[in-house]
Amino acid sequence: MAEEMNEPEILFGIYCPPHPHPLLCPEANEGYGKLRSAYDACRKRIEESEADLILIYSTTWPSIVGHQIQALENPVWTHVDDDFHYLGGMPYDFKIDVDFANGYASAAEKRGLHSRTVAYEGFPIDTGSVVALQLLNPDNRIPACIVSSNMYANRAETIVLGKAARDVLAEQGKKAIVVVVASLSNRMFTEHIDEVDDRIHSQKDDDWNRKILEFFAAGRLEDLSQLSRDIHGQIRVSKVVAYKPAWWMAATMGQHNNYAGEVLAYEALHGSGGAVITLTPTDGSFGDKEFDEDDVEFYHGDRDVLDKGML
Amino acid sequence: MMSKGEIVLGCLAPHPPHLVYADNPPQNEAYSEGGWETLRWGYARLARKLKNIDYDAIVIFTPHWQTYIGTHFLGLPEFKSKSVDPIFPNLFRFNYDLKVDVDLAEKMREAADEAGIITKMMTNPDFRVDYGTITSCHLLNPDWDKPIVTISSNRNTHYYSPEVMIEQAGALGRACAKAIEESGKRVVLVSSHSLSHRHFVTEAPLPEDMSLEHIYNHSQYVWDMKIIDLMRQGKSREVIDIMPEFTEQTIAETEGGGLIWMMAAMGHPDYSAEIYGYQSVIGTGNLIASWDPNDETREYVL
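Residue numbers (my numbering), protein chains in the order written: chain H, 1 to 311; chain S, 1 to 302.
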């Protein structure tokens, strides 16, 4: 059915946190263990699926010069996190779908984005991608593709980037599992803590996280996409211009609320909100919102507002 | 009795990987036809000055080792690996082999800890040293014949505000100065960053095509010149005072805290900075400057 309509076939989506604790020290805190179990459950579902590709959007891979896509067929390294280096190194040996990476870069360019592949031995694959791929696909059973999160990109650019992913999935006829690597609230404690004492940084962060989880559980992905600016203002440390994961996830999976959502775990990771969530496309619909922001198809670049202001 | 240690020079040393790429050192895998000579020749001039200074170690503060949980220090005697720039991997794939002054690093960490700063030694042998450290250190000392200490950038600007960053980076600078004094060592401080930092988000087909290089916008240029003018006048405190606004207006890399740290460590110099060069790299504003506390060797360079 999906092929007949030239629509991509997305088996399900996963939203998961970038912190290395579930990979490196799941025993250090009961919550880390629950996140690890949730990752394991996702791994099993992936193994039982007929997926051809795991497509990852990682918020811990920032790019500046356009949108970068990993295209080295077999990246091998030992990654060490900048903050959590004391937890140990993360050796990896991944299998990348180079055809998809090249196709994604081309599809992004066709939609007006600046995009390029990176295929260099030793390129620093980010913590979030390493954690997700190690836990979700430890045997490289399914090839992966990793796309960066451009620091300056805002809503239009990010949505177009997601639509470009749909273009190439449909074109190559690949069945995909879509993975977004991102925290919910991302404020960590700024001091070292005993892992057993970990908790969400503030009540406000926890309240917002739980509200977001309600939306995820109800399958309201497009509603979350539309709430992204509120989420950014309320519970995101402003390291980048916007909270973008829900924009990309919705644009890639389909901009609607027809999903079966399942929150497998929600726990603190050094104060930030970490959740492992699955979204599976369904026929039903849920939601009570209508939207007035443009559903952009092509990225036209900056509008040169600053230059126009010179009188 | 051991003589007092001292800071013998402070350097503002930007780290666009383009400069190493343009120099074609054997450690870098990429090859270029040159480019950004104003900065590279300025670096060469400063490197020659350093060759004539007696010092034991370089201590560098880098915004590309970003830590959110306190300030971290490199804590193993040597690191050997390849650094690949995550933004410009086409330009910078540098095979490094460097030594660390662990004793000095530990003394600075202890002094910072005593000052109430959250700290951590980094002792994972697989840790990859950031490209900011490598670029600035290579251009200042291409022979790599001095040990270094890298200090991470604790992201207080993101987590709190530029004002909090100024307070904490200043406290760190004073703690490091105390540790250096007690160490008996002669140390060069390096603050590794650009000034204005809005990037172009596209890259020329030939990155070193200088016909396409210019500052991102005039506002950045004017702000950078304001900062440089204050440095020339020896008004380092005023530079720090206007830094929150400068950082906000030009998305400046000063947000990382390096210059604040170095100025505090040097007691906010009231003498002129030595200016070695200013040029844009992919739209960002880059200044090479140094502060020489020795009245007899301080120069008027540019």
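No residue lacks a Cβ here, since even glycine has one placed at the ideal position from N, Cα and C. This structure is a prediction, so every number in the text was calculated from the model and none was measured.
Handout entry: Three CB pairs or more closer than 8 Å across the region 188-196 of chain S and the region 51-61 of chain S
Key = yes
Exercise for the section: Assign A242 of chain H to one of two classes, buried (16 or more other C-beta atoms within 10 Å of its C-beta) or exposed (fewer than that). Expected result: Taking the first sequence and counting its residues from 1, the one referred to as residue 242 of chain H is at position 242. A242 of chain H comes out buried.
Practice task
Would you list the residues sitting across from H79 of chain H in a DSSP beta bridge?
Solution key: The residue given as residue 79 of chain H occupies position 79 in the first sequence. DSSP output for H79 of chain H lists H:M90 as bridge partner(s).
Exercise for the section: Using a Cβ cut-off of 8 Å, pull out every chain H residue sitting near P89 of chain S, in sequence order please. Expected result: Here the question's residue 89 of chain S lines up with position 89 in the second sequence. What P89 of chain S touches in chain H: V118, Y120, F123.
Problem - For A180 of chain S, three-class secondary structure by DSSP - result: Residue numbering aside, residue 180 of chain S sits at position 180 when the second sequence is read from its first letter. One detail in the question is off: residue 180 of chain S reads as Ile in this sequence, not Ala. Helix at I180 of chain S.
Handout entry: CB contact check: A2 of chain H to chain S, cutoff 9 Å
Key = By one-based count along the first sequence, residue 2 of chain H stands at place 2. In this prediction, A2 of chain H has a pLDDT of 44, which is less than 50 and means its spatial position is unreliable; nothing more can be read from the coordinates.
Practice task
Give the secondary structure of L287 of chain S by DSSP, where H, G and I count as helix, E and B as strand, and everything else as coil.
Solution key: As a position in the second sequence, residue 287 of chain S is number 287, starting the count at 1. L287 of chain S: strand per DSSP, three-state reduction.
Problem - Where E4 of chain H falls: helix, strand or coil (DSSP) - result: As a position in the first sequence, residue 4 of chain H is number 4, starting the count at 1. Bear in mind that a pLDDT of 47 at E4 of chain H, under 50, signals an unreliable position, so the number given afterwards is only what the model happens to contain. Per DSSP, reduced to three states, the secondary structure at E4 of chain H is coil, with no helix or strand assignment.
Handout entry: Whole-angstrom distance between H218 of chain S and N286 of chain S, CA atom to CA atom
Key = Numbered from 1 along the second sequence, position 286 holds the residue referred to as residue 286 of chain S. Numbered from 1 along the second sequence, position 218 holds the residue referred to as residue 218 of chain S. Taking the straight line joining both Cα atoms gives about 14 Å.
Handout entry: Three-state class that DSSP yields for T250 of chain S in the structure shown
Key = Numbered from its first residue, the second sequence carries residue 250 of chain S at position 250. It is helical.
Exercise for the section: Indicate whether at least one CB of chain S lies closer than 9 Å to the CB of D83 of chain H. Expected result: As a first step, residue 83 of chain H must be located in the first sequence, where it is residue number 83. Yes, its Cβ sits closer than 9 Å to a Cβ of chain S.
Exercise for the section: Please list the partners that I64 of chain H has in chain S, where partner means a Cβ-to-Cβ separation under 7 Å. Expected result: For the purposes of this step, residue 64 of chain H is identified with residue 64 of the first sequence, where counting begins at 1. Here the neighbours are I87, H199, V201.
Exercise for the section: For D139 of chain H, name the three-state secondary structure that DSSP assigns. Expected result: As a first step, residue 139 of chain H must be located in the first sequence, where it is residue number 139. It is coil, neither helix nor strand.
Practice task
Please go through the same chain and pick out, in chain order, the residues whose beta-carbon is closer than 8 Å to the beta-carbon of E50 of chain H, but skip the five residues on each side of it.
Solution key: The residue labelled residue 50 of chain H in the question sits at position 50 within the first sequence. L11, K175, listed in sequence order.
Practice task
Identify, in the order they occur along the chain, each residue of the same chain with its Cβ nearer than 8 Å to the Cβ of Y43 of chain S, setting aside the five sequence neighbours on each side.
Solution key: Locating residue 43 of chain S in the second sequence gives position 43, where the first residue counts as 1. Contacts found: A13, L19, L139, L140, Y276, G277, I288.
Exercise for the section: Mind the definition here: the region 105-115 of chain S touches the region 214-228 of chain S only if three or more C-beta pairs lie below 8 Å; say whether that holds. Expected result: no
Exercise for the section: Within the same chain, show all residues whose beta-carbon is closer than 7 Å to that of A22 of chain S, passing over the 5 residues directly before and after it, in chain order. Expected result: Sequence index remark: in the second sequence, residue 22 of chain S carries index 22 (1-based). Excluding sequence neighbours, A22 of chain S sits near S32, G34, G35, W36, R40, E208.
Problem - Sheet register partners of D97 of chain S (DSSP bridge) - result: By one-based count along the second sequence, residue 97 of chain S stands at place 97. Partner(s): S:K80.
Practice task
Rank S:L74, S:D270, S:I251 by C-alpha distance to the C-alpha of F200 of chain S and give the top, closest one.
Solution key: Position 200 of the second sequence, counting from 1, holds the residue named residue 200 of chain S. It is S:I251 whose Cα lies nearest to the Cα of F200 of chain S.
Practice task
With 9 Å as the threshold, decide whether the Cβ of W261 of chain S is near any Cβ in chain H.
Solution key: Numbered from 1 along the second sequence, position 261 holds the residue referred to as residue 261 of chain S. No, no contact with chain H.
Problem - A306 of chain S versus S:G257, S:S290, S:H158, residue with shortest Cα-Cα distance - result: Chain S is shown from 1 up to 302; residue 306 of chain S falls before or after that span and cannot be answered.
Practice task
Tell whether a beta-carbon distance below 9 Å holds between G283 of chain S and H193 of chain S.
Solution key: In the second sequence, counting from the first residue as 1, residue 283 of chain S sits at position 283. In the second sequence, counting from the first residue as 1, residue 193 of chain S sits at position 193. No, the Cβ-Cβ distance between G283 of chain S and H193 of chain S is not below 9 Å.
Handout entry: chain S contact residues for G128 of chain H, given Cβ-Cβ distances below 7 Å
Key = Taking the first sequence and counting its residues from 1, the one referred to as residue 128 of chain H is at position 128. Under the 7 Å cutoff, chain S gives no residues; its nearest Cβ is about 13 Å from G128 of chain H.
Problem - Span of the beta strand (DSSP E), counted from its first residue to its last, around I151 of chain S - result: Residue mapping note: residue 151 of chain S aligns to position 151 of the second sequence, counting from 1. I151 of chain S -> beta strand (DSSP E) spans 148-154.
Handout entry: Selection of the region 235-250 of chain H by Cβ proximity to chain S, strictly under 9 Å
Key = V237, S238, K239
Problem - Validate contact between the region 67-77 of chain H and the region 97-111 of chain H using beta carbons, cut 8 Å, 3 pairs - result: yes
Problem - C-beta contact flag for R109 of chain S and G75 of chain S at 9 Å - result: Counting from one through the second sequence, the residue named residue 109 of chain S turns up at place 109. Counting from one through the second sequence, the residue named residue 75 of chain S turns up at place 75. In contact: R109 of chain S and G75 of chain S (Cβ atoms closer than 9 Å).
Exercise for the section: Could you work out which residues of chain S lie near H114 of chain H, taking near to mean beta carbons separated by less than 7 Å? Expected result: Taking the first residue of the first sequence as position 1, residue 114 of chain H is located at position 114. Within chain S, the residues near H114 of chain H are V201, T202.
Handout entry: Start and end residues, alpha helix (DSSP H) containing G219 of chain H
Key = For the purposes of this step, residue 219 of chain H is taken as residue 219 along the first sequence, with counting starting at 1. That residue, G219 of chain H, is in no alpha helix (DSSP H); it is neither H nor E in DSSP.
Exercise for the section: Output, in chain order, the set of chain H residues within a Cβ distance shorter than 7 Å of K306 of chain S. Expected result: Beyond the ends of chain S as shown, which are 1 and 302, falls residue 306 of chain S; an answer cannot be given.
Practice task
Please check if any C-beta of chain S sits within less than 9 Å of the C-beta of H270 of chain H.
Solution key: Taking the first sequence and counting its residues from 1, the one referred to as residue 270 of chain H is at position 270. Yes, H270 of chain H lies at the interface with chain S (some Cβ there is under 9 Å from its Cβ).
Practice task
Using a threshold of 9 Å, state whether the C-beta atoms of P86 of chain S and D82 of chain H are closer than that.
Solution key: Taking the second sequence and counting its residues from 1, the one referred to as residue 86 of chain S is at position 86. Taking the first sequence and counting its residues from 1, the one referred to as residue 82 of chain H is at position 82. Going by C-beta atoms, P86 of chain S is not nearer than 9 Å to D82 of chain H.
Exercise for the section: Give, in chain order, every unbroken run of the beta strand (DSSP E) that is at least 3 residues long and sits entirely within the region 200-280 of chain H. Expected result: 259-269
Problem - Residues of the region 177-192 of chain H whose Cβ lies closer than 9 Å to any Cβ of chain S, in chain order - result: R187, M188, F189, T190, E191, H192
Practice task
Spatial neighbours of T158 of chain H within its chain, please: CB distance less than 6 Å, with the 5 preceding and 5 following residues excluded, ordered by chain position.
Solution key: For the purposes of this step, residue 158 of chain H is taken as residue 158 along the first sequence, with counting starting at 1. Excluding positions up to five away in sequence, the list reads K244, W247, W248.
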